[in-house]
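What follows is a set of notes on a single structure, which appears directly below.
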Amino acid sequence: MVPSEHSAMGALAASVLTYLWNRKNPNQNLSILVMAVLGAIAARVPDWDITLVEVFGLKGSNFAHRSVYTHSILGIILFSTLLYMVLIATNSIGKRFNRTNFISVKVVTFILTIAFATHILFDALEAYPTPTLYPIS
283 MVPSEHSAMG ALAASVLTYL WNRKNPNQNL SILVMAVLGA IAARVPDWDI
333 TLVEVFGLKG SNFAHRSVYT HSILGIILFS TLLYMVLIAT NSIGKRFNRT
383 NFISVKVVTF ILTIAFATHI LFDALEAYPT PTLYPIS
């Protein structure tokens, strides 16, 4: 799958989940447009391993494209944990500056994790080997 297709699928997944969230929780609406953009970005995150190899010259099986750190269940867990911590920090900073709008941490983390996972799902459907179930397999 080409990079733009990953972004499009991530944006679509984030848009649909945000729409469903907004229908079920009208008092806690999220912006579908903002979540679509964030979903497109999240869907591109698994390819950060290419940057590690190109910029920093890291070599080895764990730093090859579609590594265990980016294209597996482990990658999903790492991404979700990092995103969760960033959103909590963002809300904490907002509280210090008396901001009244807070990010729904669990919902946004879930939506963007699904957008991230769409990249891995579609890469797993290709012939190129992807360690999707790592560390299970």
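Every position in the sequence shown, counted from 1, becomes a number in the working numbering once 282 is added.
Yeah, the Cβ is synthetic: ideal placement off N, Cα and C, and Gly gets one too.
Bear in mind the structure is a predicted one, so any value in this text is a computation, not a measurement.
CB contact flag (residue i, residue j, <7 Å)
i	j	result
Ala295	Gly321	yes
Thr300	Met317	yes
Thr395	Ser362	yes
Gly292	Ala324	yes
Supposed close pair residue i, residue j - CB separation, criterion 8 Å
i	j	result
Ser354	Pro413	5 Å
Leu360	Thr391	Not really, about 13 Å apart at Cβ, beyond 8 Å.
Ser349	Asp331	5 Å
Residue nearest to residue i in terms of C-alpha spacing, selected from the options
i	options	result
Val319	Asn307, Val337, Asp331, Phe398	Phe398
Val387	Lys377, Asn380, Asn373	Asn373
His288	Ile418, Leu365, Ala406	Ala406
Leu415	Leu403, Glu408, Ala409	Leu403
Asn307	Asn380, Val389, Glu408	Val389
Arg326	Thr352, Asn309, Met367	Thr352
Exposure label - residue i; buried when at least 16 CB within 10 Å
i	result
Ser297	buried
Val337	exposed
Ala371	exposed
Ile393	buried
Leu315	exposed
Leu365	buried
Leu312	buried
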